[in-house]
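Under this note's numbering, the first residue of the sequence shown carries the number 307, and numbering increases by one thereafter. Just so you know, even glycine gets a beta-carbon here, dropped at the ideal spot from N, CA and C. Every value quoted in this text rests on a predicted model; they were computed, and no experiment measured them.
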Amino acid sequence: MGWLPVRVEVKMLAEAPSLVLQPDVFDFLHVQEILNLRVASRRAVDSEALAKHVEDMAGFGVPHAVASCFDLLENMALSSVRGESEQDMRKRVMTRDFGDDIVKQKQQLCRLWLLVQVCEQHFKTSDDMVQRLVSDCMACCTDRDLTIRRAGHSFLKFCSGKTGHQHVRQRIDSFMFELAISCLPSPEGNWRFAKPAMAYAFFKAHSLSPAERQQWFLLLAQFLPLVSNLKCQTFMLNVLKELRRVDDAPCETYAEGFDILRHLAESSQQSLVDAIRSAGFSPPVVPPSVPPSDPRTRHEKIFWSSLLSVF
Numbered sequence: 307m308g309w310l311p312v313r314v315e316v317k318m319l320a321e322a323p324s325l326v327l328q329p330d331v332f333d334f335l336h337v338q339e340i341l342n343l344r345v346a347s348r349r350a351v352d353s354e355a356l357a358k359h360v361e362d363m364a365g366f367g368v369p370h371a372v373a374s375c376f377d378l379l380e381n382m383a384l385s386s387v388r389g390e391s392e393q394d395m396r397k398r399v400m401t402r403d404f405g406d407d408i409v410k411q412k413q414q415l416c417r418l419w420l421l422v423q424v425c426e427q428h429f430k431t432s433d434d435m436v437q438r439l440v441s442d443c444m445a446c447c448t449d450r451d452l453t454i455r456r457a458g459h460s461f462l463k464f465c466s467g468k469t470g471h472q473h474v475r476q477r478i479d480s481f482m483f484e485l486a487i488s489c490l491p492s493p494e495g496n497w498r499f500a501k502p503a504m505a506y507a508f509f510k511a512h513s514l515s516p517a518e519r520q521q522w523f524l525l526l527a528q529f530l531p532l533v534s535n536l537k538c539q540t541f542m543l544n545v546l547k548e549l550r551r552v553d554d555a556p557c558e559t560y561a562e563g564f565d566i567l568r569h570l571a572e573s574s575q576q577s578l579v580d581a582i583r584s585a586g587f588s589p590p591v592v593p594p595s596v597p598p599s600d601p602r603t604r605h606e607k608i609f610w611s612s613l614l615s616v617f
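Next comes the structure, spelled out in structure tokens:
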């Protein structure tokens, strides 16, 4: 089975609308050919059938598929060569990882395409498809396998980016908060699940509403006395500092949370007292305004650039 030339295939299918209603035809098309087909003959193409084919081919319902797609994107980010185009790099990595296995190559491209759907909806009927993808990634966030959890969280962070759909972002925001709450009353015992959710709050602090930031701040303040590990405490205090930094009126927004921190600084174990005071929460002093920093590493920027430039 091979990929038919794009121009020939588009012309053939555009002149024979009945063919595109047969699901088997899509198996012979590359992802880009499917997209070109829609552009060439919108009336002849059943968008729902196209979307379903891409979704079925991707198979994101299986956690391993999410992890496999994440691995591919990491490989693409780490394999960039100066002067090489994104398209050439993608072809080289795909050939290196999957050889001449056209089915596996197409499967991975369908997965990449679905991720792009979350930010830029190409199929008009794809809202349900996007929501299923988000659900699949959410399921990965509670998996026992670290690789799968990492992939799920990374994709959700991407899906909640500033170009994503508002209802998708809100759903992910709520999920992360509920995931953090589920770690009570033992956040340290459930640290493998709690930390990524808290990291999401750090990454999204600037775009959360004041009410959402207030919820996160109060929850993290309540978490602190339940954790004895200094590294865990420091991590949570860094998230608290970021939430404080991005708020225009932190003393008013986080009044209840500040009261908890002030009480902890007076009655907790010495290591926590020192950490709270070092973070500037006793008394709650508002730090001078500083320009926002981009928490992403160079590797992460290349990672997402690789995804967004695939098509």
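**Message:** Closer than 8 Å is the cut-off here; do at least three beta carbon pairs connect the stretch 356-363 with the stretch 443-457?
**Reply:** The answer is no - the stretch 443-457 does not touch the stretch 356-363, with fewer than three Cβ pairs under 8 Å.
**Nonlocal neighbours in the same chain, by C-beta distance under 8 Å from Leu-452, ignoring five residues either side** = So the qualifying residues of the chain are Arg-498.
**Request:** Note down the Cα distance separating Thr-401 from Cys-375, rounded to an integer number of angstroms.
**Result:** Straight-line Cα distance between these residues: approximately 15 Å.
**Request:** Determine the contact status of Val-545 and Leu-514, defining contact as a CB-CB distance below 8 Å.
**Result:** In this structure, Leu-514 does not lie closer than 8 Å to Val-545 by Cβ.
**Request:** Could you check the C-alpha separation between Ala-581 and Arg-550 for me, to the nearest Å?
**Result:** Rounded to the nearest angstrom, the two C-alpha atoms are 16 Å apart.
**Prompt:** Does the distance from the C-beta atom of Glu-562 to that of Leu-524 stay below 8 Å?
**Reply:** Yes, these two residues count as a Cβ contact at 8 Å.
**Prompt:** In or out: Ser-534 buried (at least 16 other Cβ within 10 Å) or exposed?
**Reply:** Answer is exposed; the Cβ neighbour count stays below 16.
**Message:** In the DSSP assignment, the alpha helix (DSSP H) including Val-552 goes from what residue to what residue?
**Reply:** It spans 536-552 - the alpha helix (DSSP H) in which Val-552 sits, taken as one unbroken run.
**Prompt:** With Phe-366 and Arg-398 assumed to form a contact (beta carbons below 8 Å), what rounded beta-carbon distance in angstroms separates them?
**Reply:** 25 Å between Cβ atoms; not a contact.
**Asked** Expressed to the nearest angstrom, what Euclidean distance is found between the alpha-carbon atoms of Met-395 and Asp-554?
**Response** Rounded to the nearest whole angstrom, the C-alpha separation of Met-395 and Asp-554 is 44 Å.
**Asked** Going by the CB atoms, is the gap between Phe-508 and Glu-548 shorter than 8 Å?
**Response** With contacts defined by Cβ atoms closer than 8 Å, Glu-548 and Phe-508 form a contacting pair.
**Request:** Could you please give the first and the last residue of the uninterrupted alpha helix (DSSP H) stretch that includes Cys-488?
**Result:** A quick correction: the sequence has Ser, not Cys, at residue 488. Judged by DSSP secondary structure, Ser-488 falls outside any alpha helix (DSSP H); it is assigned neither H nor E.
**Message:** Using the three-state DSSP reduction, which class does Phe-366 fall into: helix, strand or coil?
**Reply:** Three-state result, Phe-366: coil.
**Asked** What whole-angstrom Cβ distance do Ser-466 and Arg-475 have, given they're in contact under 8 Å?
**Response** Contact holds; Cβ gap of about 5 Å.
**Message:** Restricting to Cα atoms, I'd like to know which of Leu-570, Glu-518, Phe-541, Pro-531 is closest to Tyr-560.
**Reply:** Nearest option by C-alpha distance: Glu-518.
**Prompt:** Does the Cβ of Leu-384 have 16 or more other Cβ atoms within 10 Å, making it buried, or fewer, making it exposed?
**Reply:** Per the 10 Å Cβ criterion, exposed.
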